[in-house]
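Here the structure is laid out as structure tokens; the discussion comes afterwards.
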Amino acid sequence: MSSSSASGRDEKSGSSTSSAPRFREHSHGRQDREFTTEQKAAVERIRRCKTTAYYEILSVTKDASDGQIKKAYHKLSLATHPDKNGAPGADEAFKLVSKAFQVLSDPQKRSIYDSTGADPENRRVPPTSSSFSGGSPFGPRGGGRPFEADLTPEDLFNMFFGGGGNPIFGDAFGPGASFTFGGPGIRVHQFGGAGPRMRRTARTHTHPAAGGGAGTAAGNTDSAPLPPISRMFWQLLPLIIFFILPMLSGLFTSTPSAKGPRFHTTPSPPFTEMRTTPTHEIPFWVDPKDVQDMTRKQASEFEKRVEARIVNEWSVGCRKEEMEREREMQDAIGIFFTDYERLEKAKRKEMPSCAKIEEVQKRSKRKMN
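Numbering-wise, the sequence shown is residues 30 to 398 according to this note's numbering.
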């Protein structure tokens, strides 16, 4: 029996090597990982791609249909699967192909990726809470962390080629799912079926045991990782806008009132005399009594300081407007779904300070031409 099996394997191996040369990888005891030159070339091409260049990884265009994306994934996942391709880096290439397919096969994720060019799953996450008392845990502003998908490239491969229901995600949790409620966390385990395993974790906090098993349930909860830098930035954003930027603005700008008359950017008594800045011709108004005794040199220096002050204030205002628009866009993207109406509204948000800066830049270009 063993000899016939061995001969069968030899015949199969011989038939495969007749079509293309195959090589073996000899490292760390894994000496049966064969690969062809075509498989090695596919791995090297994928690894040269940027990790978020999902269309390039799958070798499809940006207007590719769902069918074309699935066909590309079918071809590349078979070509790079570590069990079928022993070329160096095949594992990494397989993961890149799986990630690209997960994003481009989901309409919402693909839309977000097309708009931002970034991984749609790598977005700002609201602050966590140790309990559900802060609101609904399933909303974008609820207490606790949102669900975190644990779908691995191997899970995706098995679902795609294993059949049964939707080739991507199937039912929400798939047949055979069991739910365990206890402590501040919720776990969704998959027993059988092709659905992905998902879990929800929350920070572990030590509380006095209120009941028989309450303390044990809380103690078994997974500890959440430290907050990412992006989330810390959004938490500190109000502080940056309202305190740090104005302080920096005051440090690096000259106050005309300290080295000259006061001025307004709009006319109002007693600021009734209009003047313009020397470079960008920005109008401003002064009190005639304050400038009547100025020499031409003093007036020129004063106008230069006014121009620097106005342009700097517009620049600071533009930065605030851009950060506010970015925050509104992130809020519209949300955690579980995207509010496209809010997203478009945020994109069309008026930014008066930025508009003034653009007008100054256009005026300068016209002067140069």
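Where is the CB? At the ideal position from N, CA and C, for every residue including glycine.
May I ask you to report which of helix, strand or coil DSSP gives residue i?
{"i": "R77", "result": "helix"}
{"i": "A384", "result": "helix"}
{"i": "F331", "result": "helix"}
{"i": "F365", "result": "coil"}
{"i": "G354", "result": "Just to set this straight, residue 354 is Arg in the shown sequence, not Gly. Correct three-state label for R354: helix."}
{"i": "S134", "result": "coil"}
{"i": "V89", "result": "coil"}
{"i": "E121", "result": "helix"}
{"i": "N151", "result": "coil"}
{"i": "Q390", "result": "helix"}
{"i": "K128", "result": "helix"}
{"i": "F116", "result": "For the sequence presented, residue 116 should be read as Ala rather than Phe. Reduced to three states, the DSSP call for A116 is coil."}
{"i": "R7", "result": "Residue 7 lies beyond the stretch modelled for the chain, which goes from 30 to 398, so this question has no answer here."}
{"i": "T324", "result": "coil"}
{"i": "H110", "result": "coil"}
{"i": "S94", "result": "coil"}
{"i": "G146", "result": "coil"}
{"i": "A70", "result": "helix"}
{"i": "A337", "result": "helix"}
{"i": "A82", "result": "coil"}
{"i": "H234", "result": "No answer about H234 holds up, because its pLDDT of 42 lies below 50 and its placement is not dependable."}
Buried or exposed: where does residue i fall if 16 or more other Cβ atoms within 10 Å of its Cβ makes it buried?
{"i": "F366", "result": "exposed"}
{"i": "R325", "result": "exposed"}
{"i": "T109", "result": "buried"}
{"i": "S94", "result": "exposed"}
{"i": "R338", "result": "buried"}
{"i": "Q68", "result": "buried"}
{"i": "T66", "result": "exposed"}
{"i": "S393", "result": "exposed"}
{"i": "A384", "result": "exposed"}
{"i": "S134", "result": "buried"}
{"i": "S127", "result": "buried"}
{"i": "T305", "result": "exposed"}
{"i": "Q405", "result": "With the chain represented from 30 up to 398, any question about residue 405 goes unanswered, as that position is not in the structure."}
{"i": "G363", "result": "buried"}
So, residue i versus residue j, is the Cβ gap smaller than 9 Å?
{"i": "W314", "j": "E332", "result": "no"}
{"i": "H405", "j": "E336", "result": "What the structure shows of the chain is the stretch from 30 to 398, and residue 405 is not part of that stretch, so it cannot be assessed."}
{"i": "T81", "j": "D143", "result": "no"}
{"i": "Y83", "j": "A122", "result": "no"}
{"i": "A371", "j": "E350", "result": "According to the sequence provided, residue 371 is Arg. The question's Ala does not apply to it. Taking 9 Å as the Cβ cut-off, R371 and E350 do not qualify as a contacting pair."}
{"i": "K391", "j": "R354", "result": "no"}
{"i": "A71", "j": "L105", "result": "yes"}
{"i": "K79", "j": "E73", "result": "no"}
{"i": "C347", "j": "M323", "result": "no"}
{"i": "D319", "j": "P298", "result": "no"}
{"i": "V89", "j": "I75", "result": "no"}
Hey, residue i and residue j are a contact pair by Cβ (cut 8 Å); roughly how many whole angstroms apart?
{"i": "Y102", "j": "L87", "result": "6 Å"}
{"i": "G115", "j": "F64", "result": "5 Å"}
{"i": "I386", "j": "S329", "result": "Incorrect: roughly 24 Å between the Cβ atoms, too far for contact."}
Going by DSSP, which residues form a beta bridge with residue i?
{"i": "F399", "result": "It is not possible to answer for residue 399, since the shown part of the chain is limited to 30 through 398."}
{"i": "L313", "result": "The amino acid occupying residue 313 in the given sequence is Phe; Leu does not appear at that position. Answer by DSSP bridge pairing, in chain order: R304."}
{"i": "F292", "result": "V315"}
Taking only beta-carbon atoms, is residue i less than 9 Å away from chain B?
{"i": "R392", "result": "Among the protein chains of the structure shown there is no chain B, as only one such chain exists."}
Would you say the beta carbon of residue i comes nearer than 8 Å to a heavy atom of the ligand FAD?
{"i": "D319", "result": "Of ligands this structure carries none, so the ligand FAD is not represented either."}
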